[in-house]
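What follows is a single structure, written as structure tokens, with notes after it.
2 protein chains.
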Amino acid sequence: MGRPTVHDIAKEAGVSLATVDRVLNARPGVREKTIAKVTKAVESLGYVRDTYAANLARQRQYRFAFVLPEGSSQFANSLKAALQEAYSSNVADRTHLTIVRVPPQDPHAIVRALKSLNTSRLDGLALMVPETPQVRDAVARLKDAGLAIVALVSDLPNSRRDFFVGVNSIAAGRTAALLMGRFVKGQGEVLVVADSLRSRDSLERRLGFDAVMTSDYSNLKALPTVEWHGDEARMERIILSSVAARDRLVGVYSMGAGNMTMLSALRKSGRLGELVVLTHELTPAMHTALAQNEVAAVIAQNVGHLVRSALRVLRNVCDELPIFEAQERVRIEIVLRENLP
Amino acid sequence: MGRPTVHDIAKEAGVSLATVDRVLNARPGVREKTIAKVTKAVESLGYVRDTYAANLARQRQYRFAFVLPEGSSQFANSLKAALQEAYSSNVADRTHLTIVRVPPQDPHAIVRALKSLNTSRLDGLALMVPETPQVRDAVARLKDAGLAIVALVSDLPNSRRDFFVGVNSIAAGRTAALLMGRFVKGQGEVLVVADSLRSRDSLERRLGFDAVMTSDYSNLKALPTVEWHGDEARMERIILSSVAARDRLVGVYSMGAGNMTMLSALRKSGRLGELVVLTHELTPAMHTALAQNEVAAVIAQNVGHLVRSALRVLRNVCDELPIFEAQERVRIEIVLRENLP
DNA sequence: ATTGAAAAGAGGTACGTTCCTCAGATAGGG
DNA sequence: CCCTATCTGAGGAACGTACCTCTTTTCAAT
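If you read the sequences in order, they're chains A and B. Remember, my numbering sits 290 above the position in the first sequence when you count from 1. Remember, my numbering sits 290 above the position in the second sequence when you count from 1.
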């Protein structure tokens, strides 16, 4: 005998199939006493609904949109690739996916993009955008329109998002500090580079990094964050001058994008070999940089997980099902030369 | 319009539904030319079979057994837990799972257990057993009986297994060496502990460890492997005497089980604080050891992945579907205090 | 031209669920 | 007591696929 079906629980509870269906789908028209009988039968038989048969019957279509930053960001591109892979595999069954790309540094453009979404043709949204008051308001409006909303990669903690899928940035920063502290021999200074500390992730990574650095590695001094604000020429200038000015420099921690520019600047400086370089996100460029020993470690999050997790959460929110938090916790991965995937 | 269905491709190809079905399920009785017409229609319409509807219709039940080592091994227990979790979640839908536990060091008992399996009530098998000639023969017999077989965690490379789900042990050993080399300050000796080098995994980890150690970290000397053969008292004696005899000891690499015994021995020696300790598998004990800074890093594989991957592969082998190798490659995870899950 | 096997069609039932209609039962208020 | 509103029952049609049987067509060998 296989799993119990709705027929079995109808028999067990001594009611008709229609009543079982009404109870299971919380439709009106059933007496309290009858509801109790049915739920009791469900429990005693250990009935679990066959989601696939259910979705087949109800012709369920989940329509989700993923809002990702546009531009040359390799990370966003690999996310997009993971999304397309999920789409073609059975992970995204009965799911229609749209990808919307927005300029990451322009809150107004983001809000405009969010407003232009046809909410009646959408069940859920995964957002990878920086947190601003405007975005928070837009999220509130989208929630009012009945959408399921998850924050992806970077959280929107004070908005009405349903869930956050991504890693804890503070822990990621702490992990970077631990690696830096253990990898560097002797003492010296560490250069910290970020696109901008206005981004919540970078700020939190920096917080975590400093916390571990000061408590555990007093032999190292983390320099103030160098922000390059998307200007690659500026980044190169700053890096070259920093490296030239500081002969006690032993490490570089790059908290965000622009790793290729940073690496080429370090190569030009001629001191790349002596430095412990840590970056985030395992892009193809970082893959080769690890293989060539130019980067000591990459702190990454598995984009496949992110996407699958976001899809699971969105579906569950749509169906008003509980979310299994432990499964959705994305791990902070450490990638070295020898454990490259 | 939703996805194309079999009806659509029947219409498109100008054949009947039955013929489409015969082609899709590779049943005989269709001319080459007609097959071509159907496959063409499939491609032009972008038809993808609705696996859930298909499994629903065919009342497919996958009956798999997992053969795991019995005893106190925390790793095997966490695998079992992951298996039970998969069973209760939708990952294992339409799948019936049995867990068989065998004494890991007794090839005859393992073979006896494998022989006692009722192959007519089983579609596939995941084996986590050491490779011996007897096991290879047993695998051959089980393959002849028509079962799908994957090797789990430790490979059975010269057997007729269909696939290996687990990490490359050489790469895992290399990763350990890289961590040891970068974590240790200065020079000294490294103690390497294993249950037994007769186990293929341990041997390969040792090979990888030594390869990186000699090529990259000439400041460190990896001592000959200490084997404790399941005898915990012996392990404690050896560790205590090694630590006492070697004042240049800077690190310990534990390649297999018995980490708790090893740790308590090191604690007794009073030198745990000075040593860089690396172990495998993130058991609850290693979790706390990491949190308390007793262990510097744990090299782990995600048991959830292992299980899901094994299930996917078994199902695909049963259905004679291709295996998407990239997805089934299990990553070597590095767990430190700051990125504990 | 006849035969016969292989190929293709036609039509059905089933899987577990949803959702619909229509009819019958039960309750509470008048 | 009847009347109405609310419950409940019975049955059926779908969803996309699998698989079965029973015909009909095709086509090459005789």
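Glycine residues also receive a C-beta, built at the ideal position from the N, C-alpha and C atoms. In this text, all values refer to a predicted model and were calculated from it rather than measured experimentally.
For the putative contact between residue i and residue j, defined by C-beta atoms under 8 Å, what is the C-beta separation to the nearest angstrom?
| i | j | result |
| --- | --- | --- |
| B:L553 | B:A512 | About 20 Å; that fails the 8 Å criterion. |
| B:L568 | B:A587 | 5 Å |
| A:S449 | A:R426 | 4 Å |
| A:A316 | A:V597 | Between A:V597 and A:A316 the Cβ distance is about 30 Å, and since that is not below 8 Å, they are no contact. |
| A:A347 | A:L358 | At roughly 33 Å, the Cβ-Cβ gap does not stay under 8 Å, so A:A347 and A:L358 are not in contact. |
| B:A344 | B:V607 | 17 Å between Cβ atoms; not a contact. |
| A:Q364 | A:T573 | 4 Å |
| A:M525 | A:G548 | 6 Å |
| A:L565 | A:L601 | Incorrect: roughly 39 Å between the Cβ atoms, too far for contact. |
| A:R619 | B:P397 | So it is not a contact: roughly 39 Å between Cβ atoms. |
Starting from the Cα of residue i, find the closest Cα among the options and give me that residue.
| i | options | result |
| --- | --- | --- |
| B:I624 | B:F614, B:I589 and B:P631 | B:I589 |
| B:M545 | B:P423, B:R605, B:S459 and B:L562 | B:S459 |
| B:V533 | B:V440, B:L493 and B:L481 | B:L481 |
| B:H386 | B:F365, B:G414 and B:L307 | B:G414 |
| B:T504 | B:E479, B:C608 and B:T573 | B:E479 |
| A:S486 | A:D500, A:T309 and A:G520 | A:G520 |
| A:P423 | A:L446, A:N509 and A:L432 | A:L446 |
| B:K330 | B:V305, B:D340 and B:G319 | B:V305 |
| B:S508 | B:A484, B:R384, B:A467 and B:I529 | B:A467 |
| B:L562 | B:V585, B:D500 and B:A581 | B:V585 |
| B:V502 | A:E615, A:K370, A:N629 and A:T409 | A:N629 |
| B:R627 | A:L469, A:E360 and A:V296 | A:L469 |
| B:L510 | B:G476, B:A616, B:R339 and B:S492 | B:G476 |
| A:Q582 | A:E571, A:E517 and A:R557 | A:R557 |
| A:N408 | A:L611, A:A303, A:R431 and A:E421 | A:R431 |
| B:Y543 | B:E421, B:R321, B:Q374 and B:P514 | B:P514 |
| B:A523 | B:R536, B:L539, B:D506 and B:M550 | B:M550 |
| A:L369 | A:H595, A:P631, A:P612 and A:R619 | A:H595 |
| A:R293 | A:K323, A:Q617, A:V332 and A:Q374 | A:V332 |
Do residue i and residue j have their C-beta atoms closer together than 7 Å?
| i | j | result |
| --- | --- | --- |
| B:T465 | B:I325 | no |
| A:Y264 | A:I299 | Because chain A here runs from 291 to 631, residue 264 of chain A falls outside it and cannot be looked at. |
| A:F356 | A:I389 | yes |
| A:R496 | A:A462 | no |
| B:L435 | B:L417 | Note that residue 435 of chain B is Ala in the sequence shown, not Leu. Against a cut-off of 7 Å, the Cβ pair of B:L417 and B:A435 comes out as no contact. |
| A:S599 | A:V455 | yes |
| A:R384 | A:R353 | no |
| A:V296 | A:V313 | no |
| A:V593 | A:F453 | no |
| A:R490 | A:S531 | no |
| A:R411 | A:V429 | no |
| A:V483 | A:V457 | no |
| B:F473 | A:R472 | yes |
| B:E360 | B:L335 | no |
| B:V279 | B:A403 | Given that chain B is displayed from residue 291 to residue 631, the structure contains no residue 279 of chain B and the question cannot be resolved. |
Starting from the beta carbon of residue i, find every residue of chain B whose beta carbon is closer than 8 Å, and list them in chain order.
| i | result |
| --- | --- |
| A:T465 | L626, E628 and N629 |
| A:R472 | R472, F473 and A586 |
| A:D383 | D340, T341 and Y342 |
| A:L283 | Past the boundaries of the shown model lies residue 283 of chain A; chain A is included only from 291 to 631, so the question cannot be answered. |
| A:L346 | D340, Y342, A343 and L346 |
List the residues of chain A whose Cβ lies closer than 7 Å to the Cβ of residue i, in chain order.
| i | result |
| --- | --- |
| B:K475 | K475 |
| B:V502 | E628 |
| B:L565 | The premise fails here: B:L565 is roughly 14 Å from chain A at the closest Cβ pair, so nothing lies under 7 Å. |
Listing by chain order, which chain A residues have their CB less than 9 Å from the CB of residue i?
| i | result |
| --- | --- |
| B:E623 | R621, E623, I624 and N629 |
| B:L468 | L626, R627, E628 and N629 |
Chain B partners of residue i, CB-CB under 7 Å?
| i | result |
| --- | --- |
| A:P461 | The question names Pro, yet the displayed sequence has Ala at residue 461 of chain A. The contacting residues are E628 and N629. |
Please name the residue or residues paired with residue i in a DSSP beta bridge.
| i | result |
| --- | --- |
| B:P359 | B:V392 |
| A:I439 | A:L415 |
| B:L539 | B:E479 |
| B:S508 | The partner list for B:S508 (beta bridge, DSSP) is empty, contrary to what the question assumes. |
| A:Y352 | A:T385 |
| B:E517 | B:A484 |
| A:T231 | Beyond the ends of chain A as shown, which are 291 and 631, falls residue 231 of chain A; an answer cannot be given. |
| A:V588 | A:T569 and A:V625 |
| A:V455 | A:L442 |
| A:S544 | A:V483 |
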